[in-house]
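To start, the structure itself, in structure tokens.
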Ligand SMILES: [Zn+2]
């Protein structure tokens, strides 16, 4: 699942390829917006807000969300695509480039003034100009009984954390994922760490939380079930979490396709992250 830093980089690549250019072609392959044709309109900018991508035109905004395994590819005009055409949801062409959104979880076209209906519920964006760790901490603390792992994933608290950073952050701070928010003494440090990690990784293709960029050394616990903890050698544990919070978190997403809960597997070290009694 793409995390906030991957989405940030995707938006930046779209921005560099398309901004300032009029579209020479536009194909939106979702039934609700199949009649929308933005050809002839100039792309003003593409930006990210948490894990949402906003491509702005003079009157309207194209909103896309990668969800589980979506991706935007950018090709030279006329180059072959690297994913099958039937997986394409949006095709935006300029005289030089083709941007193709494959397997996108959400696609919406709204008036610029209505962007808030899509992203207005989000908390402070970890990679946005409005980032405020104080506000993120305040929002997380407003639900003191909630497990910290769940609170970190709730994009209304802070925007940009997915399953990977949730697991890695809780490991780094020695916090069990089920610890109620009110008992997390290192909450401020945890939120600061989230900001530092995403900021450090936003320009990289592969995230690292260990500081080591070698392929099998990049992460502490994520997708390492059964392998020894890098600190204490205890086998890393994993479990699938409940899904109610997924539905609540995304209740504002009318056009969601598929369930985001499919990949809600948690990873932790039972020794470094002891459960609270
Ligand atoms: Zn350990």
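Residue numbers (this note's numbering): 40 to 316. Just so you know, even glycine gets a beta-carbon here, dropped at the ideal spot from N, CA and C. Being a predicted model, the structure only gives us computed values, none of them experimental.
DSSP three-state assignment for residue i, whether helix, strand or coil
{"i": "residue 179", "result": "helix"}
{"i": "residue 64", "result": "strand"}
{"i": "residue 69", "result": "coil"}
{"i": "residue 50", "result": "helix"}
{"i": "residue 78", "result": "coil"}
{"i": "residue 192", "result": "helix"}
{"i": "residue 116", "result": "coil"}
{"i": "residue 83", "result": "coil"}
{"i": "residue 103", "result": "strand"}
{"i": "residue 45", "result": "helix"}
{"i": "residue 90", "result": "coil"}
{"i": "residue 109", "result": "coil"}
{"i": "residue 293", "result": "In this predicted model, residue 293 has a pLDDT of only 39, less than 50, meaning its place in the structure is not dependable; the value taken from the coordinates is given anyway. The answer is coil: DSSP assigns residue 293 none of H, G, I, E or B."}
{"i": "residue 40", "result": "coil"}
{"i": "residue 283", "result": "A caution first: residue 283 carries a pLDDT of 48, below 50, which makes its placement in the model unreliable, though a value can still be read off. Reduced to three states, the DSSP call for residue 283 is helix."}
{"i": "residue 307", "result": "strand"}
Supposed close pair residue i, residue j - CB separation, criterion 8 Å
{"i": "residue 58", "j": "residue 82", "result": "5 Å"}
{"i": "residue 63", "j": "residue 132", "result": "5 Å"}
{"i": "residue 52", "j": "residue 113", "result": "6 Å"}
{"i": "residue 176", "j": "residue 227", "result": "6 Å"}
{"i": "residue 68", "j": "residue 158", "result": "Between residue 158 and residue 68 the Cβ distance is about 23 Å, and since that is not below 8 Å, they are no contact."}
{"i": "residue 162", "j": "residue 197", "result": "5 Å"}
{"i": "residue 246", "j": "residue 257", "result": "7 Å"}
{"i": "residue 209", "j": "residue 137", "result": "No, residue 209 and residue 137 are not in contact; Cβ-Cβ is about 40 Å, not under 8 Å."}
{"i": "residue 43", "j": "residue 199", "result": "2 Å"}
{"i": "residue 248", "j": "residue 259", "result": "6 Å"}
{"i": "residue 86", "j": "residue 50", "result": "6 Å"}
{"i": "residue 101", "j": "residue 148", "result": "6 Å"}
{"i": "residue 178", "j": "residue 195", "result": "7 Å"}
Any non-hydrogen atom of ligand 3 within 7 Å of residue i CB
{"i": "residue 61", "result": "This structure lacks ligand 3; its bound ligands are ligand 1."}
Tell me the start and end of each unbroken alpha helix (DSSP H) in the stretch 122-181 that is at least 4 residues and wholly inside, in chain order. 155-158, 172-180
Tell me the start and end of each unbroken alpha helix (DSSP H) in the stretch 197-280 that is at least 4 residues and wholly inside, in chain order. 202-211, 226-240
In chain order, what are the residues with a CB under 6 Å from some non-hydrogen atom of ligand 1? 268, 270, 271, 273, 308, 310, 311
Does the pairing of the stretch 96-114 with the stretch 168-175 give three or more beta-carbon distances under 8 Å? no
Answer yes if the stretch 258-276 comes into contact with the stretch 225-240, meaning at least three C-beta pairs across the two stretches below 8 Å, and no otherwise. no
Assess, as a yes-or-no matter, whether the stretch 215-234 is touched by the stretch 118-128 under the definition of 3 or more beta carbon pairs within less than 8 Å. no
State whether the stretch 104-116 contacts the stretch 141-149, with contact taken as three or more CB pairs (one from each stretch) at a distance under 8 Å. yes
Is there contact here, the stretch 184-194 with the stretch 208-227, by at least three beta-carbon pairs under 8 Å? yes
Three-pair Cβ contact test at 8 Å for the stretch 236-250 versus the stretch 199-213: yes
Contact between the stretch 253-272 and the stretch 69-85 (3+ Cβ pairs under 8 Å): no
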